[in-house]
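Below is one structure, written out as structure tokens, with a few remarks after it.
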Amino acid sequence: MANYILKCFLAILCVTCIQGYGTYRDKIPNGNRVPHPCKPNDIWDGVGHQKSAGSGYRNQFGVDFASARHTWTKELCAKDSDGDGKTNGYELGDSNCSWVLGEPSPESATLSHPGVCEPWNDPKCQNQLSWVSEACESGEFICDALNEIDGKNMTMKFPSTPVPVKETTYICMEFELDNTGDYHMVATQPIVDNVNVMHHAVIFGCSSDTHALRSTPHECGMVASRECGQILSTWTLGSAGECLHDKVGIRIGTNGIKRVALQFHWNNPTLKTDYVDSSGIIVHYTSNRRENDAGVWTIGPERFVVPPRSLNTELTGYCPSSCTSSMLTDKIYIVSAFNHMHYIGAKQKIELFRDGKRIIYITNDEKYNYDSPLVHEFSTPIEVRPGDVLTTTCAFNSINRDAVTNWGDATSDEMCYGFMTYYPKENIKRLFCTGFRSIPYCAIEDGNVFEGCEISKYTRESPETNKFYVDLNNTCFSSCTSECLRLLDNNPCLKGDPRAYMDDIYGLSDIGREMKRMFSQCDGKLSIRTTTPSTEDGNGNSAKQIISSIKTVLSLALVASRLRF
């Protein structure tokens, strides 16, 4: 189960229509020489974006360039996109607006940024100050752990490797860690070689150190491998590195993880044939171990659908008291957390409830931006107890999309996850708490009753499933008879979210599809049940409702594998 749901995580990180494409620089004069307005000798690679590395929100020049269909036109050249009194052509060295694609860029000693009003801190440029000032920060990775006396580091780097000529590639390579002692990993830093393709990196811990080491770059899935599936550290665009809380570390070495897989997500949407990459990660570790071993706990809904042309589509997934009661063996303490959506993600929050009352917002990003990830760190760790309820709520803005956006790992898909670093690691038995719409995933695994339906009995071979099949054959084989309608109307598993879950699972086998055909004949005639999830206290009693909308769909591979008709 854990390996399957890990797949849900990774696209930590997929790109969409507003991502930065390095080849666009070739379509404007001097596009590869645009200077950074506040960092001498630095280049602003993402010319049309608010972030110097590219990707994410566009600046006004990027908006105008997109409106010109990514073509250098006389109209675009003559515009003053950033409003600083200089035309785009002047700032890019093409004052006469005579440059055409394919010609050498004109020489100019006065190049400046066409999308950044300069001087950037001038009063006339105040409308851009929030994002330009952020871009003008040093970007230095500040982490006290790097200065520890007993600190060590290890560089894991890919050899120069050709990037496949396809939009999305997951590429992995395994490394042996330092197994000469008992250590804590306390920080990681990225080494980004090819900024045109690097989108994110993940370090996966391996449960085995005896399998054949995959020591060369090879294509992999969203999870590195069956042996290497534990998330240890992540890097995304906009992050200078990851620094763990001073109370925790990831256990590596003789008494911990001995081998890791480094995974990159390469993105090559323009299908360039000559890209290579040799990026990597620096792992910082120490023999001066912290008080606690850390783990990463993942919560959030999956397989949801976001409708097109919507300013605000909100969905909530929850981890109810029944789940935390079975997952947590004792209290845990959250030291940091971050939200994860893709590019139509607008807002996200994680909330902690106890006895029907909100205790705290663990995260609350009112303005979410994938390219500027906000890690919420807690000097006083947040206590979570068995029986508590956690919710993950995401809001999406799909106003610029003409088609439905699905949950998934493709560049056009979306996600809604919360990742929480906690201690002690051993106090959580399951590192994922997700759900199928309003149905807690653990309710299915543990055989709990949900809305009157014990779903697990209908998604694997059981007396209930066998009887259901016989009854369907007797009453619903050829049409929706009155007997068939009565049979289905009295079955709580054929209404609301349990029905949606059964539709999903029954579609995976021949006999399941036949059963689905029979009970689907009465669609539209059954009484309607609207599933409304609620929190529960430790005894399973209904408490204050805290979820209003859960629009998720989950194809649970593990449970499906148990469905044997």
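Throughout the sequence shown, residue numbering follows mature numbering (1 follows the signal peptide of the UniProt record, and there is no 0), covering -20 to -1, 1 to 545 in sequence. Ideal Cβ placement from N, Cα and C applies to all residues, glycine included.
(request) Could you name the residues of the same chain whose beta carbon sits closer than 8 angstroms to that of D257, not counting the 5 residues immediately before and after it, in chain order? (result) If we look at D257 and ignore the five residues flanking it on each side, its Cβ neighbours are F138, S140, T141, V143, D173, N174, V177, M178, F244 and W246.
(request) Identify, in the order they occur along the chain, each residue of the same chain with its Cβ nearer than 6 angstroms to the Cβ of T512, setting aside the five sequence neighbours on each side. (result) For T512, the pLDDT reaches just 44, beneath the cut-off of 50, and the residue's location in the model is therefore unreliable, leaving the point undetermined.
(message) Is the separation between the beta-carbon of H191 and that of T216 shorter than 8 angstroms?
(response) The answer is no: Cβ separation not under 8 angstroms.
(message) Suppose the cutoff is 6 angstroms on Cβ atoms and the five residues either side in sequence are ignored; what does the same chain contact list for R381 look like?
(response) Only residues of its own chain outside the window of five on either side were considered, and among them P288 have a CB closer than 6 angstroms to the CB of R381, listed in chain order.
(request) Drop a sphere of 10 angstroms on the beta-carbon of S113, count the other beta-carbons inside from all chains shown, and report buried for 16 or more, exposed for fewer. (result) By the 10 Å Cβ count, S113 comes out exposed.
(request) Count the other CB atoms, across all protein chains shown, that sit within 10 Å of the CB of L457; report buried if there are 16 or more and exposed otherwise. (result) Note on identity: in this sequence residue 457 is Phe, with Leu being the wrong assignment. By the neighbour-count rule (16 or more Cβ atoms within 10 Å), F457 is not buried but exposed.
(message) Below 8 angstroms, how does it come out for the segment 353 to 362 and the segment 426 to 443: are there three or more Cβ pairs, yes or no?
(response) Verdict: no, contact absent.
(request) Please list, in chain order, all residues of the same chain as I262 whose beta carbon is under 6 angstroms from its beta carbon, the five residues on each side excluded. (result) In its chain, beyond the 5 residues on either side, N133, T135 and Q169 have a beta carbon closer than 6 angstroms to the beta carbon of I262.
(request) Provide the residue span of the alpha helix (DSSP H) that contains residue 547, from first to last. (result) No answer is possible for residue 547: the residues shown for the chain start at -20 and end at 545.
(request) Specify whether the segment 432 to 446 and the segment 300 to 314 touch according to this definition: at least 3 beta carbon pairs, one from each stretch, less than 8 angstroms apart. (result) Counting Cβ pairs under 8 angstroms, fewer than three are found: no touch.
(request) Could you please give me the residues that DSSP links to Q328 through a beta bridge? (result) Its beta-bridge partners are D345 and C374.
(request) Give the DSSP-derived three-state secondary structure of C422 in the structure shown. (result) In the structure shown, C422 sits in a helix (DSSP, three-state: H, G or I).
(request) In the DSSP assignment, find the alpha helix (DSSP H) that holds F155 and state where it starts and stops. (result) Segment T148 to E156 is the beta strand (DSSP E) holding F155; no alpha helix (DSSP H) there.
(message) On the DSSP letters alone, give me the boundaries of the alpha helix (DSSP H) that D60 sits inside.
(response) D60 -> no alpha helix (DSSP H), and no H or E assigned at all.
(message) Rounded to the nearest angstrom, what separates N454 and S462 at their Cα positions?
(response) In this model, N454 and S462 are separated by some 12 angstroms (Cα to Cα).
(message) Tell me the DSSP secondary structure of V9 in three-state form.
(response) Looking at the sequence itself, residue 9 is Pro, so the reference to Val does not match. If DSSP states are grouped into helix, strand and coil, P9 belongs with coil.
(message) Less than 8 angstroms between the C-beta atoms of V240 and I211, yes or no?
(response) No, they are not a contact pair.
(request) Please state if the CB of K54 and the CB of T67 are separated by a distance shorter than 8 angstroms. (result) Going by C-beta atoms, T67 is not nearer than 8 angstroms to K54.
(request) Under 7 angstroms Cβ to Cβ from N159, same chain only, skipping five residues before and after it: list those, please. (result) For N159, where only same-chain residues beyond five positions count, the Cβ hits under 7 angstroms are G233, T234 and K238.
(request) Determine the direct distance from the alpha carbon of H50 to that of G69, and round the result to whole angstroms. (result) Near 15 angstroms, if we compare the C-alpha coordinates of H50 and G69.
(request) Leaving aside the five residues before and after G487 along the sequence, list all residues of the same chain whose C-beta is less than 8 angstroms from its C-beta, in chain order. (result) Excluding positions up to five away in sequence, the list reads R493 and K496.
(request) Let me know if V145 comes out buried or exposed under the rule of 16 or more other beta-carbons within 10 Å of its beta-carbon. (result) Exposed, since its Cβ has fewer than 16 Cβ neighbours within 10 Å.
(request) Out of L411, R334, C123 and V355, state which residue places its alpha-carbon closest to the alpha-carbon of N344. (result) Minimum Cα distance to N344 is reached at V355.
(request) Would you identify the three-state DSSP class for C497, choosing helix, strand or coil? (result) Here residue 497 is Arg; the residue named in the question, Cys, does not match the sequence. DSSP places R497 within a helical segment (H, G or I) once states are collapsed to three.
(message) Which residue marks the beginning of the beta strand (DSSP E) containing E357, and which one marks its end?
(response) Going by DSSP, E357 is part of the beta strand (DSSP E) stretching over V355 to V364.
(message) Quick check on DSSP: helix, strand or coil for I435?
(response) DSSP places I435 in helix when its eight states are reduced to three.
(request) Confirm, please, whether the CB-CB distance from V285 to N386 is below 8 angstroms. (result) Less than 8 angstroms divides the Cβ of N386 from the Cβ of V285.
(message) For S392 and M165, what's the separation of their Cα atoms in angstroms?
(response) For the pair S392 and M165, the Cα-to-Cα distance works out to about 34 angstroms.
(message) By alpha-carbon positions, which one of P366, I435, Y397 and T371 ends up nearest to N407?
(response) Ranking the options by Cα distance to N407, first place goes to P366.
(request) Can you say whether D6 is buried or exposed, counting buried as having 16 or more other CB atoms within 10 angstroms of its CB? (result) Per the 10 Å Cβ criterion, exposed.
(request) From the DSSP output, in three-state form, read off M482 for me. (result) The answer is helix: DSSP assigns M482 an H, G or I state.
(message) Would V369 and P300 qualify as a contact pair, given that the criterion is a beta-carbon distance under 8 angstroms?
(response) Contact: yes.
(request) Could you tell me whether the segment 397 to 406 touches the segment 314 to 322, where touching means 3 or more Cβ pairs closer than 8 angstroms? (result) In this structure the segment 397 to 406 lies against the segment 314 to 322, because at least three pairs of beta carbons, one per stretch, are closer than 8 angstroms.
(message) So, with DSSP's three-state summary, where would you put F284?
(response) Note: F284 maps to coil in three-state DSSP.
(message) Could you tell me which whole beta strand (DSSP E) segments of length 3 or greater appear in the segment 251 to 307?
(response) Runs of the beta strand (DSSP E) inside the segment 251 to 307: 260 to 266, 275 to 279 and 293 to 299.
(request) Could you check how far apart the C-beta atoms of D124 and N268 are, in whole angstroms? I think they sit under 8 angstroms. (result) Not a contact, Cβ separation roughly 12 angstroms.
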